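So the sequence lines, in the order shown, correspond to chains A and U. For the first sequence, the residue numbers in the working numbering are 3 to 249. For the second sequence, the residue numbers in the working numbering are 9 to 311. Read the structure below first, then the notes.
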Amino acid sequence: MNFFLDAIAWIFDPANYAEPGGIVSRLLEHLLFTFVTLVFASVIAIPLGYLIGHTGRGRGFAIAGAGGLRALPTLGLLTLVALWVGIGLEAPYVALTILAIPPILAGAYTGFEAIERGTIDAARAVGMSEGQIVAKVEVPLGLPLLIGGIRSATLQVVATATLAAYVADFGLGRYLFAGLKTRDYAEMLGGSILVILLALVLEGIFALVQRLVVPRGVIAGRPEDVRARPIRSRAATGTPVTEGRSS
Amino acid sequence: MIEYRSVTKQFPDGTLAVEDFSLVLPSRQTTVFVGSSGSGKTTLLRMINRMVDPTSGTIEIDGVDIATLAPVNLRRSIGYVMQNSGLLPHRTVVNNVATVPLLRGVPRQKARENALALLDTVGLDRSLADRYPSQLSGGQQQRVGVARGLAVDPNILLMDEPFGAVDPIVRAELQQELRRLQVELDKTVVFVTHDIEEAFLLGDQVVILRTGGQIAQVGTPSEILANPADEFVASFVGADRGKRALHFENHNGSDILVDSEGRIAGVIETDAAASVPPPQSVSESKAGSVSGSGAPAQGGDQR
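Below, the structure is given as structure tokens:
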């Protein structure tokens, strides 16, 4: 328990907020690093995922490839890239982008695949071009699952971004590595708690966003939407479903 | 006019869905393709808007080979109504109806007005316009599907088992609505179903298909009922089971309609009893003047 108290005391110690290299600037660095990594990964994974989801081709390749990427040990990859490009932020960006690609890719193509085939078939049959099917049907309907993929990638990156400090003086990971080296466990645990809090805050934001991007018509038809309201008021306020004008 | 010229469709897995199919579908009439699953009826329908391209043979619409037309433009000029409506779940009813006009560049306000007018046409209340498809009943969704099919005022309307997924009462209502619409709008309708009753009710020309898209018989409902081409057709329309072969028996001065198994099909009312009803009006007489159906014959005084 003492470790925790020490860690909390460390977090609130004004000395640790002294710039440069204080908690606030490291927090922002960590956030920026996470954000940039997600942008890199998204730029690669979303178009690829959409292509796979729309055409239905290359799915086996994507699953095998994403599985392979997931299996790579990030620290090993980071070291390897760092040996190749040198000390600095390039190696962590590469390693973490690779870490973030699989969940975003999966979110993108499963989002498309989860759409009822009849809906897409109908969109094509009434005369939508392939581009319009993607833009007007598949992207909006697949968005909740894509956001889910980005959410999962964010969580992994924000936690693993501590490794950036392994090869560069950057982000909240610095406290972990410095604390480990100097046996300052309060600093180490304090840094970890900050990373956890950041992850939880991001998780909360994404949970909210994921709810917001579900198309309204899709929410309207969901059974849990009905359950969320008391049964009695539902019976009283619900418009009776009637057939046609004759009603 | 739609014309199939020795059309064959073989799917990549080797299935021969349609083989050497030739037929003319007259303009401003309803042609119904009817057959059991695997008869190629949906494939035939989907070839008209190039959702399926034939392996060989050509299809012409008013003398134009559709293989020369861009699929997207062709599809925007043909109405399409499918089973389970196929509406876009994230768009409101009115936006679903306006989908194709908006793609064609009709201004939003005008497209909305036209869509609202179409809701009237298909018998939907305008208050439903801003609901989402998931908030409507199955029958209402099908009506929205029909309105969307009519949104660009197409000459041709393709309907792929549009009433297959709704309950029998709603189906009967929708069938009557379609008959009314057909009189009102005068489109060339191509309709696919596996329900022979539906085919006889809606079709000006009925095409009975057997496996592989082979035509078993083409004709008006009365032609087919009067002269089934072969055993297959007879069995398909139910004539072999005596379902359609009705005769009179006179009991205590009133005419009773009896099928070949001796079941009472109904009673002929005196003013209608003067003439023998022609075969195609059987289904109408069921609903109209016949007052009792399917009751087992017990001889003697029925009514």
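A virtual CB, placed ideally from N, CA and C, is assigned to each residue, including glycine. The structure presented is a predicted model; accordingly, all values stated were derived computationally and were not measured.
Q) By the 10 Å Cβ neighbour count, where 16 or more other Cβ atoms means buried, how is R84 of chain U classified, buried or exposed? A) buried
(Q) Relative to the C-alpha of L24 of chain U, which candidate in U:M167, U:G221, U:L233 has its C-alpha closest? (A) U:G221
Q | Spatial neighbours of L145 of chain A in its chain, beta-carbon cut-off 6 Å, leaving aside the 5 residues before and after | A | V215
Q) Quick one: what does DSSP say K17 of chain U is sitting in, helix, strand or coil? A) strand
(Q) Using 8 Å as the threshold, is the C-beta distance between L174 of chain A and T164 of chain A below it? (A) yes
Q. What are the boundary residues of the beta strand (DSSP E) that includes E27 of chain U?
A. Residues 24 to 33.
Q: Excluding the 5 residues preceding and the 5 following I135 of chain A in the sequence, name in chain order all residues of the same chain whose CB lies nearer than 7 Å to its CB.
A: Exclusion of the five residues before and after I135 of chain A leaves I122, A125, R126 as the residues of its chain whose Cβ lies within less than 7 Å of its Cβ.
Q. Between P287 of chain U and V266 of chain U, what straight-line distance do the alpha-carbon atoms span, to the nearest angstrom?
A. Interpretation of P287 of chain U is limited by its pLDDT of 49, a score under 50 that renders its predicted location unreliable; the figure taken from the coordinates is listed afterwards. C-alpha separation (whole angstroms): 14 Å.
Q: Classify P170 of chain U as buried or exposed, calling it buried when 16 or more other Cβ atoms lie within 10 Å of its own Cβ.
A: buried
Q) For P104 of chain A, which residues from the same chain have a beta carbon less than 7 Å from its beta carbon, with the 5 sequence-adjacent residues on both sides left out? A) Taken in chain order, the residues that qualify are A68, L71, R72.
Q. What residues of chain A sit near G48 of chain U, judged by a beta carbon separation below 7 Å?
A. In chain order: nothing, as chain A lies at least about 18 Å away.
Q) F6 of chain A and T99 of chain A: beta carbons closer than 8 Å? A) no
Q | Continuous alpha helix (DSSP H) assignments of at least 4 residues falling wholly in the segment 42 to 85 of chain A | A | The DSSP assignment places complete alpha helix (DSSP H) segments of no fewer than 4 residues inside the segment 42 to 85 of chain A at 61 to 73, in order along the chain.
Q) With V105 of chain U and R156 of chain U assumed to form a contact (beta carbons below 8 Å), what rounded beta-carbon distance in angstroms separates them? A) 5 Å
Q.
Short of 7 Å Cβ to Cβ, which residues in the segment 253 to 265 of chain U face chain A?
A. none
Q. Checking contacts by CB at 8 Å: is G120 of chain A closer than that to chain U?
A. yes
(Q) Could you check whether the segment 214 to 229 of chain U touches the segment 55 to 70 of chain U, counting it as contact only if at least three pairs of C-beta atoms, one from each stretch, sit closer than 8 Å? (A) no
Q.
Any beta carbon of chain U sitting closer than 8 Å to that of F5 of chain A?
A. no
Q) Can you list the residues of chain U that L143 of chain A reaches, using a CB-CB cut of under 9 Å? A) L96, P97, H98
Q. Between A201 of chain A and the rest of its own chain, which residues show a CB-CB distance below 7 Å, the 5 nearest in sequence each way excluded?
A. L157, V160, A161
Q) Exposed or buried, what is T196 of chain U when buried is set at 16 or more other beta-carbons lying within 10 Å of its beta-carbon? A) buried
(Q) Could you compute how far the alpha carbon of S30 of chain U sits from the alpha carbon of V215 of chain U? (A) 12 Å
Q | 3-residue-minimum beta strand (DSSP E) runs that sit fully inside the segment 174 to 217 of chain U, ordered along the chain | A | 196 to 201
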